[in-house]
Amino acid sequence: MRPRAPFRPLFRVLSLFSVFFSLCRAAAQEGAEETANLAAFQDPARIWGSGPEGIIEEAYRLCFKTRILDGKVITIRMPFAQNNERDKLVDQGWEFLGGGKGDPAFLWPIIEGIIDSSDFNTYVRTLGDGREQVIIFDIPGQSWTSSRDLFDIARMKAGAYRGLPHRPYVLASGRGIEDADVYNYLYCVGLVGMDCSGFVWHVLSYVARTGGLDLGRSLSRTLGVRGGIDPSRYVGTAFYNSGSSQIIPVEDTISLLRPGDILLFRGYDGEMSHSAIIQAVDPQSGFIRYLQCTDEAPLAERGVHDSYIYFDPSRTDLSLGDPSLNWTQKRYAPFPGEQGSPFSDDGERYRAYPELGGGRVVRLRSLVPILEKLNAEN
1 MRPRAPFRPL FRVLSLFSVF FSLCRAAAQE GAEETANLAA FQDPARIWGS
51 GPEGIIEEAY RLCFKTRILD GKVITIRMPF AQNNERDKLV DQGWEFLGGG
101 KGDPAFLWPI IEGIIDSSDF NTYVRTLGDG REQVIIFDIP GQSWTSSRDL
151 FDIARMKAGA YRGLPHRPYV LASGRGIEDA DVYNYLYCVG LVGMDCSGFV
201 WHVLSYVART GGLDLGRSLS RTLGVRGGID PSRYVGTAFY NSGSSQIIPV
251 EDTISLLRPG DILLFRGYDG EMSHSAIIQA VDPQSGFIRY LQCTDEAPLA
301 ERGVHDSYIY FDPSRTDLSL GDPSLNWTQK RYAPFPGEQG SPFSDDGERY
351 RAYPELGGGR VVRLRSLVPI LEKLNAEN
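Residue numbers (the working numbering): 1 to 378.
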């Protein structure tokens, strides 16, 4: 039976609402499917599987966040943060938050607060005001200033760098904030990030948790941890290079390397000055992917980043120290104009100081059964 004439407008309205809600429901379902597809695409297991490679990749990705700043999509990577790296020329020292040993769960809320601060917003506006300038950071004072002095700008363009380790100078175009600008602020003003061994510890701890192991607690006696102090504060590259029974020396032949192995790079004094962690070894394709946190890298890679070593798949008998291997990670000064690294790439750095032993590889004993189980289940 057809509705009476007075009710026809209401009937039409109800019909339109029905169509509208149907479209909304369909759009919501489609959106949910797209979200699920995106989540699946972002899942490390999609590329690396559910074994050690995938778990290490999960830990690595925790060191990145995406924000929209001044209308730009910016990928924020966890900055490098090493105490006593730049305080040689000043009486007033400073310490990075958590001593460079904080993990992403501890650091990201603080970083988010810094990015949402009024001072950072002023910094963003300054970088986008359309005028060339030199940004001068004062690390001990956790502050920055902008100079539009033509001589300051000309000197920077001519390569006459006037900055100091504790007062980096950065030439800015005025065309808006970039990824590197966020890094500069977080490092120089926020004093937040991870040092190299802190990042390696984060990855090792994350892998351990997948196997139900609290790495800090299990190694507290070995590390000599005092009550109430985070065990991560006791872990440095010196521990990875120590004679502890927890440290297993590994011959650095390619065929013997495994995900979770720690790469150690020797310094001029004979001590290990840098550490990184192997994420994957692919003998078929001929590459090793390792992860690290350092500021001696291209501007876009300072902080946590991935690096590669390429080799002939038929020569897995080679040592990491063999000069035929292609270490693609280049090394640069943290800020343009500063004195650069004495090594052009990580391969040179690994092979450096052979008279003192050069680089080496070690494995953490506590993680061996967990890594083996993950590998077997993958």
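For every residue, glycine included, the Cβ atom is placed at its ideal position computed from N, Cα and C. Note that this is a predicted model, so its numbers are computed, not measured.
The alpha helix (DSSP H) with Ile153 in it runs from where to where?
Here the question's residue 153 lines up with position 153 in the sequence shown. Its alpha helix (DSSP H) spans residues Leu150 to Ala158.
Which residue wins for smallest C-alpha separation from Pro249, given the options Gly51, Asp306, Gly359 and Gly286?
Locating residue 249 in the sequence shown gives position 249, counting from the first residue. Minimum Cα distance to Pro249 is reached at Gly359.
Indicate the three-state DSSP secondary structure (helix, strand or coil) for Leu97 in the structure shown.
Residue 97 sits at position 97 when you count from the first residue of the sequence shown. Residue state, collapsed to three classes: helix.
Three or more C-beta pairs under 8 Å: does that hold for the segment 264-272 against the segment 237-248?
yes
Residues in the same chain with beta-carbon distance under 7 Å from Phe335, minus the five sequence neighbours each way, listed in chain order, please.
For the purposes of this step, residue 335 is taken as residue 335 along the sequence shown, with counting starting at 1. Cβ within range, chain order: Gly163, Pro168 and Val170.
Which class does Val235 belong to by DSSP, given the choice of helix, strand or coil?
Here residue 235 is taken as the residue at index 235 of the sequence shown, counted from 1. Here Val235 sits in coil by DSSP.
Alpha carbon to alpha carbon, how far is Gln292 from Phe199? Give it in angstroms, no decimals.
As a position in the sequence shown, residue 199 is number 199, starting the count at 1. As a position in the sequence shown, residue 292 is number 292, starting the count at 1. Taking the straight line from one Cα to the other gives about 7 Å.
His202 (DSSP reduced to helix, strand or coil)
As a position in the sequence shown, residue 202 is number 202, starting the count at 1. The answer is helix: DSSP assigns His202 an H, G or I state.
According to DSSP, Trp144 sits in a beta bridge with which residue or residues?
On the sequence shown, residue 144 is found 144 positions in, with the first residue counted as 1. Per DSSP, Phe137.
My parser needs the beta strand (DSSP E) runs of 3 or more residues fully inside the segment 55-117; what are they?
64-69 and 72-77
Is it the case that the Cβ atoms of Thr145 and Ile139 are separated by a distance below 9 Å?
Here the question's residue 145 lines up with position 145 in the sequence shown. Here the question's residue 139 lines up with position 139 in the sequence shown. Contact: no.
Inter-residue Cα distance where the pair is Gln329 and Ile309:
What you label residue 329 is simply residue 329 of the sequence shown in a count that begins at 1. What you label residue 309 is simply residue 309 of the sequence shown in a count that begins at 1. Roughly 8 Å separates the two Cα atoms.
In chain order, each alpha helix (DSSP H) run of at least 4 residues that lies wholly inside the segment 319-369
346-351
Euclidean distance between Cα positions of Leu69 and Asn83:
The sequence position of residue 69 within the sequence shown is 69, counting from 1. The sequence position of residue 83 within the sequence shown is 83, counting from 1. About 29 Å.
Grab the span of the beta strand (DSSP E) containing Tyr169 for me, first residue to last.
In the sequence shown, counting from the first residue as 1, residue 169 sits at position 169. It spans Tyr169 to Ala172 - the beta strand (DSSP E) in which Tyr169 sits, taken as one unbroken run.
For Arg331 versus Asp312, is the C-beta distance shorter than 9 Å?
Here residue 331 refers to the residue found at position 331 when the sequence shown is read from its first residue. Here residue 312 refers to the residue found at position 312 when the sequence shown is read from its first residue. No, Cβ-Cβ distance for Arg331 and Asp312 is not below 9 Å.
Could you tell me the distance, in whole angstroms, from the CA atom of Ala28 to the CA atom of Glu95?
For the purposes of this step, residue 28 is identified with residue 28 of the sequence shown, where counting begins at 1. For the purposes of this step, residue 95 is identified with residue 95 of the sequence shown, where counting begins at 1. Only weak support is given to the placement of Ala28: the predicted model assigns it a pLDDT of 48, under 50, and the question is left unresolved by the model.
From Gly243, Ile177 and Leu204, pick the residue whose C-alpha is nearest to that of Ile262; which is it?
Counting from one through the sequence shown, the residue named residue 262 turns up at place 262. With distances taken between Cα atoms, Ile262 lies closest to Leu204.
Give the DSSP-derived three-state secondary structure of Asp230 in the structure shown.
Taking the sequence shown and counting its residues from 1, the one referred to as residue 230 is at position 230. Of the three classes helix, strand and coil, the one that applies to Asp230 here is coil, per DSSP.
9 Å Cβ cutoff met for Tyr183 and Gly303
By one-based count along the sequence shown, residue 183 stands at place 183. By one-based count along the sequence shown, residue 303 stands at place 303. Contact: yes.
For Leu364 and Ala280, the rounded distance between their alpha carbons:
Counting from 1 along the sequence shown, the entry for residue 280 is found at position 280. Counting from 1 along the sequence shown, the entry for residue 364 is found at position 364. Distance between the alpha carbons of Ala280 and Leu364 is about 16 Å.
Which of helix, strand or coil does DSSP assign to Leu213?
Against the sequence shown, residue 213 aligns to sequence position 213. It is coil, neither helix nor strand.
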